[in-house]
Amino acid sequence: MPELPEVETVRRCLAAAVCGRRIVSCEVRHPDVVRNLEPALLEEVLRNNRFTGFRRRGKYLLGDLESGHVLVVHLGMTGRLFVVETPCELAPHTHLIMELEGGAELRFQDVRRFGGLYLLTGPLDHSIPGLAAMGPEPLDPGLTEEHWCRYLEGRRGNLKARLLDQRLVAGIGNIYADEILFACGISPQRDLASLNRVERIRLHRQMRRILTEAIDDGGSSIRDYVDGRGQPGGFQNRHRVYGRKGQACTVCGRPLSGCRISGRSTVFCEHCQR
DNA sequence: ACAATTACCTGTATGC
DNA sequence: TGCATACAGGTAATTG
6 MPELPEVETV
16 RRCLAAAVCG
26 RRIVSCEVRH
36 PDVVRNLEPA
46 LLEEVLRNNR
56 FTGFRRRGKY
66 LLGDLESGHV
76 LVVHLGMTGR
86 LFVVETPCEL
96 APHTHLIMEL
106 EGGAELRFQD
116 VRRFGGLYLL
126 TGPLDHSIPG
136 LAAMGPEPLD
146 PGLTEEHWCR
156 YLEGRRGNLK
166 ARLLDQRLVA
176 GIGNIYADEI
186 LFACGISPQR
196 DLASLNRVER
206 IRLHRQMRRI
216 LTEAIDDGGS
226 SIRDYVDGRG
236 QPGGFQNRHR
246 VYGRKGQACT
256 VCGRPLSGCR
266 ISGRSTVFCE
276 HCQR
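Written as structure tokens, this is what we have:
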């Protein structure tokens, strides 16, 4: 599931693979994935345009275009955005194709269509729900330990639910919430307000460590995720709790517990996470 | 102001 | 073999 590390990996791939290459043509094959404008208009804007850079905000990928427009992509659950240098047969659920100079194609594929694309006319992002109210970037160098502790002051609610809330902090989804909390040795069932200073600092440190390591590994590929070149990531091999319910805790050897929080399956170690 | 639930989707795995 | 059901968990809207 594309969370911050997966989107960041795609961003890096695309920055290297498609920046500066002219878009020869664009075809929207399923209009539903184009969210805030007419598909024909999007095709028109992209044609003869080119990406000058790619940015990321939380789980959103922002493609800066030469025209000044910004193409915003959210991969949802099963979305894939990748370049094929020598176009092969279209995979099912390919909803948008950008043909690049030289014959390569940038394709958006999404089985469940929870993902989608938006076009912004300016640099501001208030038109996209979610982007406007998004919390701080967990890897922002400016988000120091001190800032983080102060930021959490006065906030409460189920800890894992809050980590999944993009308004608190950007880019964390179900996989990394569980992995981060395990690394912290803190139970997902705790209330955010109950964390003492040491625990808040641990959360800051482990959140940044896990996300950074996952990016270094190219993200987690469970079922659908591939990077901007169509390749799977490697961090799924280093998951210590996600998808391991009932298996032995890598620290204490006891079977990992499962529960549901905010409607999401949650795996944790009752012994190691307090 | 928060939490829980549901809708949106479809492929995959399971049970009978 | 078929069919029904549960599950995956991204965001947004709704309800409590």
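Just so we're aligned: the first sequence equals residues 6 to 279 in this note's numbering. From the three backbone atoms N, C-alpha and C, an ideal C-beta is built for every residue, glycine too.
Grouping DSSP H, G and I as helix and E and B as strand, with all else coil, what is Glu-71?
Within the first sequence, residue 71 is the residue found at index 66, counting from 1. If DSSP states are grouped into helix, strand and coil, Glu-71 belongs with coil.
Supposed close pair Leu-164, Arg-205 - CB separation, criterion 8 Å:
One-based indexing of the first sequence puts residue 164 at position 159. One-based indexing of the first sequence puts residue 205 at position 200. Incorrect: roughly 11 Å between the Cβ atoms, too far for contact.
Look at Leu-66 and Pro-143 and say whether their C-beta atoms are less than 8 Å apart.
As a working mapping, residue 66 is identified with position 61 in the first sequence. As a working mapping, residue 143 is identified with position 138 in the first sequence. Contact flag unset, no.
Roughly how many angstroms separate the alpha carbons of Leu-208 and Val-256, rounded to a whole number?
The residue labelled residue 208 in the question sits at position 203 within the first sequence. The residue labelled residue 256 in the question sits at position 251 within the first sequence. About 18 Å.
Measuring only the C-alpha atoms, how far is Asp-232 from Ala-45?
The count along the first sequence starts at 1 and reaches residue 232 at position 227. The count along the first sequence starts at 1 and reaches residue 45 at position 40. Taking the straight line from one Cα to the other gives about 27 Å.
Taking contact to mean 3 or more Cβ pairs, one atom from each stretch, closer than 8 Å, check whether the region 123-139 and the region 240-253 are in contact.
Fewer than three beta-carbon pairs drawn from the region 123-139 and the region 240-253 are found closer than 8 Å, and the two stretches are therefore not classed as touching.
If contacts are defined as beta-carbon pairs under 8 Å, then Ile-177 and Ser-225 qualify, I think. What distance do you get, rounded to the angstrom?
The residue given as residue 177 occupies position 172 in the first sequence. The residue given as residue 225 occupies position 220 in the first sequence. At roughly 13 Å, the Cβ-Cβ gap does not stay under 8 Å, so Ile-177 and Ser-225 are not in contact.
Check whether the region 69-88 touches the region 183-203, counting contact only when three or more Cβ pairs, one atom from each stretch, lie closer than 8 Å.
The region 69-88 vs the region 183-203: no contact.
Are the Cβ atoms of Gly-81 and Asp-115 separated by less than 8 Å?
Against the first sequence, residue 81 aligns to sequence position 76. Against the first sequence, residue 115 aligns to sequence position 110. In contact: Gly-81 and Asp-115 (Cβ atoms closer than 8 Å).
Which ranges does the alpha helix (DSSP H) cover as unbroken runs of at least 4 residues, wholly within the region 200-244, from first to last along the chain?
202-221
How should His-100 be labelled, buried or exposed, when 16 other C-beta atoms within 10 angstroms of its C-beta is the threshold for buried?
Within the first sequence, residue 100 is the residue found at index 95, counting from 1. Counting Cβ neighbours within 10 Å, His-100 comes out buried, since at least 16 surround it.
Can you tell me which of the three DSSP states Ile-185 falls into?
Taking the first sequence and counting its residues from 1, the one referred to as residue 185 is at position 180. It is helical.
Less than 6 Å between C-beta atoms, sequence neighbours within five positions excluded: which residues of the same chain meet that for Leu-47?
By 1-based counting over the first sequence, the position of residue 47 is 42. Taken in chain order, the residues that qualify are Val-39 and Leu-124.
Whole-angstrom distance between Gly-159 and Ala-175, CA atom to CA atom:
Mapped onto the first sequence, residue 175 falls at position 170. Mapped onto the first sequence, residue 159 falls at position 154. Ala-175 and Gly-159: Cα-Cα distance of roughly 19 Å.
Nearest to Arg-27 by CA position, among Leu-157, Pro-92 and Ala-109, is which residue?
Walking along the first sequence from the start, residue 27 turns up at place 22. Among Leu-157, Pro-92 and Ala-109, the Cα nearest to that of Arg-27 is on Ala-109.
Spatial neighbours of Met-212 within its chain, please: C-beta separation below 6 Å, excluding the five flanking residues on both sides.
In the first sequence, residue 212 corresponds to position 207, counting from 1. The answer, listed in chain order, is Pro-143 and Ile-185.
Buried or exposed: which applies to Cys-254, given that a residue is buried once 16 or more other Cβ atoms fall within 10 Å of its Cβ?
In the first sequence, counting from the first residue as 1, residue 254 sits at position 249. Looking at its Cβ environment, which holds 16 or more other Cβ atoms inside 10 Å, Cys-254 is buried.
Do you know how far the Cα of Pro-36 is from the Cα of Glu-150?
As a position in the first sequence, residue 150 is number 145, starting the count at 1. As a position in the first sequence, residue 36 is number 31, starting the count at 1. Between the alpha carbons of Glu-150 and Pro-36 lies a distance of about 44 Å.
Assuming the contact rule is C-beta atoms closer than 8 Å, Cys-24 and Gly-58 should be a hit. Round their C-beta distance to whole Å, please.
For the purposes of this step, residue 24 is taken as the residue at position 19 of the first sequence. For the purposes of this step, residue 58 is taken as the residue at position 53 of the first sequence. That pair is a contact at about 6 Å.
Using DSSP with H/G/I as helix, E/B as strand and the rest coil, what is Leu-76?
Translated into positions along the first sequence, residue 76 becomes position 71. Leu-76 falls in the strand class under three-state DSSP.
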